[in-house]
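Here is the structure we will look at.
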Amino acid sequence: MTIITLSITMGTIMTMSSSNWLMAWIGLELNMLAILPVISKPKTMRASEATTKYFLTQAIASAMMLLASTTNAWQTGNWDILELKNKFSTTIMTLSLTMKMGAAPIHFWLPEVLQGTTLQTALLITTWQKLAPITLMYMISKNIQPIILVSLGILSMIIGGLGGVNQTQLRKTMAYSSINNLGWTIMIMAFSPNMAIMNIFIYIIMTTPIFLMMTSTSMKTLQNMSTAWTTSMTTTFSIALLMLSTSGLPPFTGFMPKMLILNELITQKLTMLATLAIMTSLISLFFYLRITYLIMMLTSPMTTPSLTKWRTQSQKSQLMTMMIPTALFIAHLIPAIPS
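Here it is as structure tokens:
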């Protein structure tokens, strides 16, 4: 397990710190091969299916990445990541990176893979595994045509919102939440790459405590969530607030990146795009509010003498304790952030 953890970490760090396409590709492959045993650990048919889907998707994305970088090197004689000048190579590379991170239109693998694996692995896939491709996209963002990034971003926001509306499984809901947030990140990447990086890091800060609390209470469906009051009132209340934060409601942390992104779009005289982004965020707000309603409104706080599979497990995480206030109330630091 130590070797697997080291490989996952080193693969991502190698990709993020490299300036050569071949080294970045090797880092992504090392990372991908290391996480396959982690996904397949539960030894169930669903886990095997999720592992196969993840492997095939990532392998195709890696092949597209090699095609783009090789074509660019053939045309320019340069393997440098910052020198991706060929338009064909840039477009193929952008699609490859969106496929690796699970953004629309090549997003179909993400909900299925998350549903087939454990909550801890789902946390890993929705956070750490996105850092390397987003870093590469950040590095080549100046060479990507803005219309491509904006189109992919808006499509991801719409699909992430509509896909999560009809879900009862929390892992699939979080997968569509991830797709929706990637849409905001990719869209603003065309105009302010630094803001895109800020957005994805704040999303990671908000998502991590949600998954940690879901793991500590074995919460996997909306039905589990609606009866969680009977065991841990604090955990349930925290998840409800974190869902509101992820949806982007003020005064929580999730409101900050959305407000700054909309402010940037309006500054760039893209009022229609900002309006469209707000309209798509209302779709995702619906299923976040539905989860919050199920948690806080349908069942009153009560205690029960009955034992459940997770009632007897006392799992306290210092990381979770520290991250919950951070994920909820960073928004008040907005005046301290330079424009």
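Counting from 1, one number per residue, gives the positions in the sequence shown under UniProt numbering.
We put the CB at the ideal spot given by N, CA and C, even for glycine.
By the Cβ neighbour-count rule, Q167 is buried, with 16 or more other Cβ atoms within 10 Å of its own.
Only residues of its own chain outside the window of five on either side were considered, and among them L84, N86, S89 have a CB closer than 6 Å to the CB of N72, listed in chain order. Cβ contact annotation for S18 (same chain, cutoff 6 Å, sequence separation greater than five): A24, in chain order.
The alpha-carbon of S245 is positioned some 7 Å away from that of F255. Secondary structure note for A50: its alpha helix (DSSP H) is the uninterrupted segment 45-76. Of the residues Q268, S156, M189, L36, the one whose Cα lies closest to the Cα of T280 is S156. In this chain, the alpha helix (DSSP H) harbouring M213 covers 193-216. With contacts defined by Cβ atoms closer than 8 Å, A196 and I188 form a contacting pair. Secondary structure note for E83: it is in no alpha helix (DSSP H), with a DSSP letter that is neither H nor E.
Here the region 125-133 makes no contact with the region 142-162; the two share fewer than three CB pairs at distances below 8 Å. Beta-bridge partners of N20 (DSSP): D80. In the three-state scheme derived from DSSP, where H, G and I count as helix and E and B as strand, T221 is classed as strand. Listed in chain order, the non-local C-beta contacts of S40 below 7 Å within the same chain comprise A47, S48, T51, local neighbours out to five positions each way being set aside. For S218 and T126, the gap between their C-alpha atoms comes out near 18 Å. Listed in chain order, the non-local C-beta contacts of G102 below 6 Å within the same chain comprise L110, local neighbours out to five positions each way being set aside.
The Cβ atoms of E112 and K53 sit closer than 8 Å to each other. Contact check between the region 178-194 and the region 116-123: fewer than three CB pairs, one atom from each, fall below 8 Å, which does not count as touching. At a Cβ-Cβ threshold of 8 Å, M225 and L170 count as neighbours. By the neighbour-count criterion, in which a residue is buried when 16 or more other Cβ atoms sit within 10 angstroms of its Cβ, F286 is exposed.
Taken in chain order, the complete alpha helix (DSSP H) segments of 4 residues or longer contained in the region 92-178 are 109-115, 119-126, 128-140, 146-165. Between the alpha carbons of N263 and P250 lies a distance of about 15 Å.
Non-local beta-carbon contacts of T236 in its own chain, meaning distances under 7 Å to residues more than five positions away in sequence, involve A228, W229, I295 in chain order. Cβ neighbours of K220 within its own chain (closer than 8 Å, five residues either side excluded): L119, Q169, L170, R171, M214. Annotation: M233 to G153 spans about 37 Å, alpha carbon to alpha carbon. The closest CA to that of L182, considering only L97, G116, V165, I324, is found on L97.
Distance between L136 and M16, taken at the CA atoms: about 7 Å.
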